Amino acid sequence: MRADTFQPPMRRRVIATLGAGLLSTLVRPSSLLAATPETAHAASKLETVASFGDDFRLVGIGVTRSGRVFATAPSSAKRSRYSLVEVDPRTGNVTPFPDSDWNTYKPGKSGERQWISLQALWVDERDRLWALDSSLPSVDQTVQPPKLVQFDIDRREVVRVYTFEQVVTPKDSINDVRIDLAHGYAFISNAGNQGGIVVTQLSNGKARLLLAGDRSSVSDPREHLMFGDRVARKSDGGVLVLQTDGIAISPQRDWVYYRPLTDHHYWRVPVAALIDETLAPQALAQRVQDLGEHALTGGLLMGPDGTLYGGDLENRTVVAFTVKERNGKATLDQRTLVNEPTVVSWADGFALQNDYLYFADSHLHELDNFSNGYPRKGRFTIFRVKLPPQPAGLFAG
């Protein structure tokens, strides 16, 4: 979720340094509610992988199969010391990635080899890192445009840079990304303007913004993200409205799941429909499936067993969903996975590797993007929790 363009909506409740980097690598007990036999792993512990001070305002994470951990800090009212780092959980050391020069912001200079406002990360099944830079509405986006960068991690080298001219405008706010190597596409959520999904063909870089303005992409104006009994508001006092934010892809690469942030609805659309360039907008909209109202989550991620994970912002927990069919329609069964509201604040970016679910606690509602008066409390933290053994397959996160 983007830290620099907060605008509000949603109903129900959210009660809710770098430099030297992390302060701790420790294990802390977590209350894991096992609602079904297959989720009976209540003995698992919530582990702190890394924590940061106010000079690294954590949002996105990526984890490789070998356990290398990467983290992002988007630009907001305050720019963090670095935008993208690799974290060593054993020592607490952090290293700017791919180097310090990329992490040194140069106003007015080309954005091709520097981070402007780095949001999200994804590690694909070939263990390559993808980094999504949303840029900023305050900069000249003809010079510093939004971009998606693919890296060879071991060589710390750029493989390819994708940009989105004539598709993404300064009113948009690309937010999170999922890579589908089976079909050769990137799917990117757009939290600004009229929302939608940016579908990018990896072979040629051709991008299209789809489902913008569709009911599935925009927040219901009757709903609001709540802090206790207070509607979430931006720093200028306006109600927070964020459109398509969380996005996930099924392990079989046949569905994309997504949702507006300030809305409780969940939706999915077939990958085949998204990549079919002959499909008219109205025909595409008819392929979208409404999965009902559930927890108001920020980031989303679907594991290799088909479980959908997200951070329940209104209850300061992490939830898990099972896709079910009722009366011939798909829906979601929700359960609480991590129930530590005194520890977890705003579960945001997610990753899953080696039977561990990782998530970033970004404390976004406590930052200067909000005017609700919540004080900064706690450190920006990467947590992880052990899952049951996961099936092998295409999935990597």
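All the letters of the sequence shown, read from the start, carry residue numbers -34 to -1, 1 to 363 under mature numbering (1 follows the signal peptide of the UniProt record, and there is no 0). Even for Gly, the Cβ is constructed at its ideal location relative to N, Cα and C. Quick caveat: nothing in here was measured; it's all calculated off a predicted structure.
Quick one: measure Cβ to Cβ for residue i and residue j, integer angstroms, because I've assumed they're closer than 8 Å.
i, j, result
"Ile213", "Val222", "7 Å"
"Val254", "Val235", "5 Å"
"Ser155", "Asp211", "6 Å"
"Asp99", "Trp81", "6 Å"
"Gly161", "Pro73", "Gly161 to Pro73, Cβ: 29 Å. No contact."
"Ala286", "Thr273", "5 Å"
"Ile241", "His149", "6 Å"
"Leu95", "Phe117", "4 Å"
If you draw a straight line from the C-alpha of residue i to the C-alpha of residue j, how long is it?
i, j, result
"Met192", "Asp120", "43 Å"
"Gln107", "Pro136", "7 Å"
"Gly33", "Ala246", "42 Å"
"Asp180", "Ile163", "10 Å"
"Gly19", "Ile27", "16 Å"
"Ser42", "Pro112", "15 Å"
"Ala157", "Thr228", "10 Å"
"Phe153", "Gly203", "32 Å"
"Pro355", "Tyr275", "16 Å"
"Ala86", "Phe316", "9 Å"
"Val29", "Pro270", "15 Å"
"Leu353", "Tyr322", "6 Å"
"Lys75", "Asp278", "39 Å"
"Asp195", "Pro40", "29 Å"
"Val15", "Glu243", "42 Å"
"Lys295", "Asp65", "49 Å"
Where does the unbroken alpha helix (DSSP H) through residue i begin, and where does it stop?
i, result
"Pro247", "247 to 252"
"Ala238", "237 to 240"
What are the start and end residues of the beta strand (DSSP E) that includes residue i?
i, result
"Ala39", "Neither: Ala39 is in no beta strand (DSSP E) and is coded neither H nor E."
"Ser185", "Premise fails: Ser185 is in no beta strand (DSSP E) and is neither H nor E."
"Val205", "From DSSP, Val205 is part of no beta strand (DSSP E); its letter is neither H nor E."
"Asp142", "140 to 146"
"Asn156", "151 to 156"
"Gln300", "295 to 304"
"Ala214", "210 to 215"
"Tyr324", "322 to 327"
"Arg121", "Careful: Arg121 lies outside any beta strand (DSSP E) and carries neither H nor E."
"Asp256", "255 to 259"
"Pro226", "221 to 226"
Who are the near neighbours of residue i in its chain, counting only those whose CB is closer than 6 Å to its CB and skipping five residues on each side?
i, result
"Thr288", "Asp299"
"Gln110", "Gly77, Ile82, Ser101"
Here's a check: name, in chain order, each residue in its chain whose Cβ is nearer than 8 Å to the Cβ of residue i, leaving out the five neighbours to either side.
i, result
"Asp327", "Leu24, Val310, Ser311, Trp312, Ala313, Asp314, Gly344, Phe346, Thr347, Ile348, Phe349"
Can you name, in chain order, every residue of its own chain whose Cβ lies under 7 Å from the Cβ of residue i, other than the five neighbours on each side?
i, result
"Thr283", "Thr302, Val304, Asn305, Pro307, Val310"
"Tyr151", "Val165, Thr166, Gln167, Leu168, Ile241"
Open item on the list: Would you call the stretch 132 to 140 in contact with the stretch 246 to 264, where contact means no fewer than 3 C-beta pairs closer than 8 Å?
Closed with: no
- [ ] May I ask you to verify whether the stretch 166 to 181 touches the stretch 113 to 129, counting CB pairs closer than 8 Å and requiring at least 3?
- [x] yes
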